[in-house]
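Under this note's numbering, think of the first position of the sequence shown as 1338, with each following residue one higher.
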Amino acid sequence: MSSMLEEDLLCPVCLDIYKDPVFLPCSHSFCKACLLHFRKERREPSCPVCRRRSSGGNPPCNLALKRLCNTFLQERTRRASEGFCSLHFESLKLFCLDHEQPVCLICRDSVKHAGHRFRPVSEAVLEIKLELEQNLKRLQNRITSLKCCKELFRDGVEHLKSQARNSEEMIRKQFRKFFQFLADEEEARLTAVRKEAELKIGKMVELMETVKKNISGLSETIRATEDELNAEDLSLLRNFKAATEKIQNQLRLDLPDFPSRVLLDEAKHVGNLSFNIWLKMENAVTYTPLVLDPNTAAADLLLSHDLTSVRRVKWTGAPYNPERSALLCRSVISSRGFNSGIHSWDVEVRGESWKVGMVAESAGGPGVVKRDYWVLRFSRGKYSAWSQRTDCVEPKVTKKIRRIQVKLDWEAGMLAFSDPLTRTVIHTFTHTFTNKMFPLFDQGTKILPLKLSVRGRY
């Protein structure tokens, strides 16, 4: 009965339940959209069933049929929720694997499901539950992974804050050092100016005192001479000889010359002042040709504040990041790499285990696993040189090494390790380098500074 009712409510064009049904003068009904589409394709106002022509205007709505269709759809929805087929009002006993929906026996035999695969509802429920449980487990694993990511990012934020604090403190410390150096240098130079000025002013004051005494003597002689001129004639004649001798004595005194080199030597004190201060800073600053990149250091390596030496600890608390995980061996690389030219640097090595060398950046760039290594290593009292492309070699070393000089000739394809104190080559690798090369370090190593020299050229 339900299937017969449904067939009566099917549009002859789309074969689905009527939507906004309309009827023609020939009494045939259609979905409004289906009729308009049919007329548009045929370009004539005719009935899709009997082909009877009708007016081209909007056909009237079949309200009675529309209410009947709505009632049928509501009932079908209700029955479907109660375990009945919404099309045939039969019990849903099968599950169509192709359409992934429950169906009744009539649906199974219909054209719509021809050639499809079916399972009993009970079996399908078990399979679907198993699949959903597996998906649920994957979702739970995913949320666990996301929580781990959240913790990782949180640790990264805290590490970033710590890096910022440490960097700010190092900058302040260095500037305090420079400020103190400049303050001391300022005070020393001001003191030198004051001492020279005080000494030379003292000499000028002594000369001024001598001149002052001469002026006083001359003034006294002038007054005495003026008195003699105003005296009586006989008195003038009796005292003339003595007065003349006093005058001659005063006139024989030499006028003091302005002494040489008595003025302040300004050229010495302020000439090239900035440059001279810079020269004195040679002993106050150091320069290392390489600086370690803390973002590549293994989690158990602790770098010095100036990023030139490294030692091993239990754990530094450094977060996971691509640059750190890109190194296959637990080490740290320089922040600077080379893809041309000749470069060399000295490394102080200490302890019972250390390694120095170089690693090639992978073609994928930063963060990609770096696989090509060239390393000189000391461990358990033995020296060894090895790489991913060559067998391990044990160089002949007769004396314990305290300093290593690493020299890279990128174009020539040569990487050499030597003892700069004895000027002996320990081992040399040869390879055609194609990628950027980064110096590599491990515990017990320290990059030695270069000696700065600032000289003028004339």
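For glycine and all other residues, C-beta sits at the position ideal for the given N, C-alpha and C.
Buried or exposed by the 16-neighbour rule on C-beta atoms within 10 Å, applied to residue i
| i | result |
| --- | --- |
| Phe-1421 | buried |
| Val-1712 | buried |
| Arg-1717 | exposed |
| His-1642 | exposed |
| Leu-1785 | buried |
| Gly-1702 | Residue confidence is low: Gly-1702 scores 49 on pLDDT, short of 50, so the model does not pin down where it sits. Its coordinate-derived value is still stated next. Exposed, because fewer than 16 other Cβ atoms sit within 10 Å of the Cβ of Gly-1702. |
| Asp-1446 | exposed |
| Phe-1490 | exposed |
| Ile-1670 | buried |
| Cys-1729 | exposed |
| Arg-1413 | buried |
| Tyr-1710 | buried |
| Ala-1501 | exposed |
| Ser-1504 | exposed |
| Tyr-1355 | buried |
| Met-1507 | exposed |
| Ser-1724 | buried |
| Val-1791 | With a pLDDT of 47 at Val-1791, under the threshold of 50, the modelled position of this residue cannot be trusted; read the value that follows with caution. With fewer than 16 Cβ atoms within 10 Å of its Cβ, Val-1791 is classed as exposed. |
| Met-1541 | exposed |
| Thr-1759 | exposed |
| Val-1762 | exposed |
| Cys-1486 | exposed |
| Trp-1615 | exposed |
| Ala-1697 | buried |
| Val-1448 | exposed |
| Arg-1479 | exposed |
Residues bridged to residue i [DSSP beta-bridge criterion]
| i | result |
| --- | --- |
| Gly-1554 | DSSP, once it has assigned bridges, lists no residue as partnering Gly-1554. |
| Ile-1738 | According to DSSP, which records beta bridges pairwise, Ile-1738 is partnered with nothing at all. |
| Glu-1685 | Arg-1740 and Lys-1783 |
| Cys-1368 | Pro-1358 |
| Val-1530 | Bridge partners of Val-1530: none, in fact. |
| Ile-1679 | Asp-1746 |
| Asp-1756 | Thr-1761 |
| Tyr-1720 | Phe-1715 |
| Ser-1383 | Arg-1390 |
| Ser-1456 | In the sequence as presented, Ser is not what sits at residue 1456; that position holds Arg. Partner(s): Phe-1432. |
| Val-1647 | Leu-1640 and Thr-1782 |
Neighbourhood of residue i by C-beta distance below 8 Å, restricted to the same chain and skipping five residues each side
| i | result |
| --- | --- |
| Val-1530 | Leu-1601 and His-1606 |
| Ser-1482 | none |
| Thr-1735 | none |
| Val-1548 | Pro-1593 |
| Leu-1544 | Pro-1593 and Pro-1596 |
Sequence-distant residues of the same chain with beta carbon closer than 7 Å to residue i, five excluded per side
| i | result |
| --- | --- |
| Val-1458 | Leu-1429, Lys-1430, Leu-1431, Phe-1432 and Pro-1439 |
| Thr-1767 | Gly-1750 and Met-1751 |
| Cys-1351 | Cys-1368 and Cys-1371 |
| Leu-1590 | Asn-1551 |
| Trp-1747 | Phe-1675, Asn-1676, Ser-1677, Gly-1678, Phe-1770 and Met-1774 |
| Trp-1691 | Phe-1715, Asp-1779, Gln-1780, Gly-1781 and Thr-1782 |
| Arg-1454 | Leu-1434 and Asp-1435 |
| Gly-1452 | none |
| Glu-1689 | none |
| Arg-1389 | Cys-1363 and Ser-1383 |
Beta-carbon spacing of residue i, residue j below 8 Å
| i | j | result |
| --- | --- | --- |
| Ser-1672 | Val-1628 | yes |
| Ser-1668 | Phe-1778 | yes |
| Leu-1405 | Leu-1346 | yes |
| Leu-1640 | Val-1647 | yes |
| Ile-1538 | Thr-1558 | no |
| Phe-1518 | Met-1618 | yes |
| Ala-1561 | Ala-1580 | yes |
| Glu-1460 | Leu-1442 | no |
| Pro-1349 | Leu-1402 | no |
| Glu-1565 | Asn-1576 | yes |
| Pro-1732 | His-1680 | no |
| Met-1695 | Leu-1745 | yes |
6 Å CB neighbourhood of residue i in its chain, flanking five on each side removed
| i | result |
| --- | --- |
| Cys-1384 | Leu-1361, Cys-1363 and His-1365 |
| Glu-1546 | none |
| Asp-1492 | Pro-1656 |
Contact test: residue i Cβ vs the ligand NAD heavy atom, cutoff 7 Å
| i | result |
| --- | --- |
| Asp-1594 | This structure lacks the ligand NAD; in fact it carries no ligand of any kind. |
Cβ-Cβ separation, residue j to residue i (assumed contact under 8 Å), whole Å
| i | j | result |
| --- | --- | --- |
| Pro-1626 | Leu-1497 | Not confirmed; about 28 Å, so no contact. |
| Glu-1685 | Arg-1598 | At roughly 50 Å, the Cβ-Cβ gap does not stay under 8 Å, so Glu-1685 and Arg-1598 are not in contact. |
| Leu-1424 | Glu-1343 | 6 Å |
| Ser-1391 | Pro-1397 | Actually they do not touch by this definition, with Cβ atoms about 11 Å apart. |
| Trp-1682 | Pro-1776 | 7 Å |
| Gln-1742 | Ser-1755 | 5 Å |
| Thr-1653 | Asp-1637 | 7 Å |
| Asn-1658 | Asn-1632 | 6 Å |
| Leu-1555 | Gln-1587 | 5 Å |
Interface flag, residue i vs chain C, CB-CB below 8 Å
| i | result |
| --- | --- |
| Thr-1645 | In the structure shown, chain C does not exist; there is a single protein chain. |
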